[in-house]
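Asker: Structure incoming, see below.
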Amino acid sequence: MRISIPKDIAGGLKVLPEGPCRAAIEGVSVGKSKEGNPKATVRYVLLTELYKPEDQQTSIGERVLETFSLLPQALWNIGSFYKEATGENVPQGDYEDAELQETLEEGLKGTEWDLILETDLSPDGNEMTKVAERHLAK
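Under this note's numbering, the first residue of the sequence shown is numbered 217, with each subsequent residue one higher.
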């Protein structure tokens, strides 16, 4: 029997092939970046295959993250994303982290998106998969 161990077996997110795929939002978390700035991280789970059959692995069920800054000058980005998904603005108000996370998850969780994935370098120099484009699935 032959067993192949991928380089990222230790855990975390896989570096996935680039290209188009369908994904659903599994969850949203609100927290702080390494620099201490507020951020929201959207967690997608892939619903379509990116690998070729000869690769003998699957991308279905893998996760991809997309991060949105929650600094005042960048709130338009998460607001536009939320509005595309729900048809409504994020409800106005002052939120604690957990309250904003709950609000975002209520509107976004389960929505399906057509994504274009690309490989990029993380701030610490490691390859990572990033969402280059996204459109609400029709």
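From the three backbone atoms N, C-alpha and C, an ideal C-beta is built for every residue, glycine too. Remember, it's a predicted structure, so these values are computed and weren't measured experimentally.
Which residue spans inside the segment 248-325 form an unbroken alpha helix (DSSP H) run of at least 4?
Answerer: Runs of the alpha helix (DSSP H) inside the segment 248-325: 291-302 and 313-324.
Asker: Decide if SER275 is buried, meaning its Cβ has at least 16 other Cβ atoms within 10 Å, or exposed.
Answerer: With 16 or more other Cβ atoms within 10 Å, it is buried.
Asker: How would you write the range of the beta strand (DSSP E) that VAL231 sits in, first residue to last?
Answerer: Run containing VAL231: none; DSSP gives neither H nor E here.
Asker: Under a three-way DSSP split, which group does SER245 fall into?
Answerer: Here SER245 sits in strand by DSSP.
Asker: Contact defined as beta carbons within less than 8 Å: I believe LEU232 pairs with LEU333. What is the distance between those atoms, to the nearest angstrom?
Answerer: So it is a contact: roughly 6 Å between Cβ atoms.
Asker: Out of curiosity, what's the CA-to-CA distance linking ALA353 and ALA314?
Answerer: So the alpha carbons of these two residues sit roughly 28 Å apart.
Asker: Given 8 Å as the limit, is there contact between the segment 311-327 and the segment 336-350, that is, 3 or more CB pairs closer than that?
Answerer: Segments in contact, no.
Asker: What did DSSP end up calling ALA353 once you bin it into helix, strand or coil?
Answerer: Note: ALA353 maps to coil in three-state DSSP.
Asker: Shortest alpha-carbon distance to LEU324 belongs to which of ALA256, TYR267, LEU263 and GLN308?
Answerer: The candidate whose alpha carbon is nearest that of LEU324 is ALA256.
Asker: Indicate the three-state DSSP secondary structure (helix, strand or coil) for PRO339 in the structure shown.
Answerer: Reduced to three states, the DSSP call for PRO339 is coil.
Asker: Identify which residue in LEU286, LEU229 and VAL244 has its Cα closest to the Cα of ASP310.
Answerer: If we check each option's Cα against that of ASP310, LEU286 comes out closest.
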